[in-house]
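**Student:** Numbering (the working numbering), first residue to last: 27 to 331. We put the beta carbon where it would ideally sit given N, CA and C, even for glycine. Pasting a structure below so you can have a look.
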Amino acid sequence: MRLASSVSTPVSRAKLLRGNGICVGSIFLFSLAFPAADLLLQDWGVLGLILIRNMLAFGLILLLFIALLGAQGLRDLPWAKGFWIGFTGFGIGSTLLIYAQAISDPITAALAAAAMPISAVSIEIILDKRRLTLPFSMGLVLVLMGGCVATGAGLTGFNLGWGLMVGLVSVSFFAWGSRASVVNLPDTSPLARTVVTTFGMWGFTLFLWGFGRIFGWAGAHIPPPSAEHLIPMCIYALLGVGISQLLWVKGVGEIGIAIASFHLNAAPFYVMIVMVAFGQSLQITQVIGAAILAFGVILSQTKKA
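Structure follows, in structure tokens:
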């Protein structure tokens, strides 16, 4: 498996810097989706919201591909393989994550996303035969600790509710889908991978929404279009999913799913920054948590890791 090793093995300093920079941008945009979704969920059903979000995200990525490479390039894409990767990994994962937020809150969903390194490392150990070294293990502990400190989640009084549990399951699907898109589509560009996998992601939500409409599920509700939904939906779908997904697939290809997923630990902190912009206060523990997180990411990428 030629590309599988590239997902796990050490890479050059320039590639690390580039890959980490891409992941920072991806996760920041991804984090914007949580507050935006919180506003939309007041009027939208979970399945209706995720359907329209994924449809708009796919439309954006498809138009970007056509603008850069031409419509004729669509014929050569691995649609079948990419569809099923997106259907299973990103489709199920994205639906479970928005459901987790709907039954809890944006911070809980972001904290669940921050636990993705656990799934990512487990996948690489099982499938890529990655060795779990001491620096890597220490970095993993630090980034998880930093995520908890940044959100104020202590070892006592922290309620592992249903929303968090659903969120933890969702990131396992994301981790698998992220790795599969790189390993199983080795000869395609990040943009091409994103097109076909986002199509599969939308396909899953279309199937589930249609099923919900047939059986009259409240979660399949889509409200009439309104101006107040326009900006949150653009942030949620186009930035938080479309552009973020493209950057994420590119970042995973540069530095691997395990290290790339460490950046998800910053998602709760980014969510808090957005909330501060809307009037909430920033606590010193959140800054300390971000510092611990950053050190863990650096430690995990030392040559011995």
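#1: For the putative contact between A83 and L290, defined by C-beta atoms under 8 Å, what is the C-beta separation to the nearest angstrom?
#2: Quick check: the Cα distance between I240 and M171, rounded to an integer number of angstroms?
#3: Taking contact to mean 3 or more Cβ pairs, one atom from each stretch, closer than 8 Å, check whether the stretch 246–264 and the stretch 91–99 are in contact.
#4: Tell me which same chain residues have a C-beta within less than 7 Å of the C-beta of N104, skipping the five on either side of it?
#5: Taking 8 Å as the cut-off, decide whether the C-beta atoms of A284 and A146 are in contact.
#6: Report yes or no: do three or more beta-carbon pairs, one from the stretch 296–303 and one from the stretch 268–275, lie closer than 8 Å?
#7: At a cut of 8 Å, does the stretch 216–230 reach the stretch 110–118 through at least three beta carbon pairs?
#8: Tell me the start and end of each unbroken alpha helix (DSSP H) in the stretch 257–305 that is at least 4 residues and wholly inside, in chain order.
#9: Given a threshold of 16 other Cβ atoms within 10 Å of its Cβ, counted over all protein chains shown, does L29 qualify as buried or as exposed?
#10: Could you name the residues of the same chain whose beta carbon sits closer than 6 Å to that of D69, not counting the 5 residues immediately before and after it, in chain order?
#11: State buried or exposed for W202, treating a residue as buried only when at least 16 other CB atoms are found within 10 Å of its CB.
#12: Using the Cα positions of A106 and I310, report the straight-line distance between them to the nearest angstrom.
#13: If I281 and L55 are in contact, beta carbons under 8 Å, what's the gap, nearest whole angstrom?
#14: Just to confirm, is the Cβ distance from I151 to L158 under 8 Å?
#15: At 3 residues or longer, what runs of the beta strand (DSSP E) sit wholly inside the stretch 224–258?
#16: The alpha helix (DSSP H) that contains I118, what's its start and end?
#17: Ordered along the chain, which non-local residues of its own chain (more than five positions away) have a Cβ less than 6 Å from that of A218?
#18: Where does Q68 sit, in a helix, a strand or coil, going by DSSP?
#19: Is S38 helix, strand or coil when you go by DSSP?
#20: Put L77 into one of helix, strand or coil per three-state DSSP.
#21: For I87, which residues of its own chain have a beta-carbon under 8 Å away from its beta-carbon, when the five flanking residues on both sides are left out?
#22: Find the nearest neighbour of A126 within the set M142, L190, L58, F91, judged by alpha-carbon distance.
#23: Roughly how many whole angstroms lie between the Cα atoms of V195 and I92?
#24: Quick one, which of E254, G242, W235, A293 has its alpha-carbon nearest L75's?
#25: Check each candidate in P294, G277, G108, G229 and name the one with the smallest Cα separation from S207.
#26: Given a cut-off of 8 Å on the beta-carbon distance, is the pair P333 and V169 in contact?
#27: Please name the residue in I257, L122, F288, G229 whose C-alpha comes closest to that of L166.
#28: Helix, strand or coil for A146 per DSSP?
#29: Between the alpha carbons of S204 and A286, how many angstroms are there, rounded?
#30: My output table needs one value for L103: the three-state DSSP class, helix, strand or coil.
#31: If we ignore side chains and look at the alpha-carbon of each, how far apart do L90 and C260 end up?
#32: How big is the Cα-Cα spacing for G193 and L256?
**Tutor:** Result, derived from the coordinates:
#1: About 18 Å; that fails the 8 Å criterion.
#2: 44 Å
#3: no
#4: What sits at residue 104 in the sequence shown is Pro, not Asn. Result list for P104: L211, T214, V222, in chain order.
#5: yes
#6: no
#7: yes
#8: 270–281, 283–288, 293–303
#9: Any answer about L29 is weak, because its pLDDT of 38 lies below 50 and its placement is not dependable; what the coordinates show is given next. When all chains shown are included, L29 counts as exposed.
#10: P249
#11: buried
#12: 48 Å
#13: In fact, because the Cβ distance is near 18 Å, the residues do not count as touching under 8 Å.
#14: yes
#15: none
#16: 118–128
#17: L103
#18: coil
#19: coil
#20: helix
#21: L217, T220, V221, T224, G268, Q271, L272
#22: L190
#23: 34 Å
#24: W235
#25: G108
#26: What is shown of the chain runs 27 to 331, which leaves residue 333 out entirely.
#27: F288
#28: helix
#29: 10 Å
#30: coil
#31: 16 Å
#32: 26 Å
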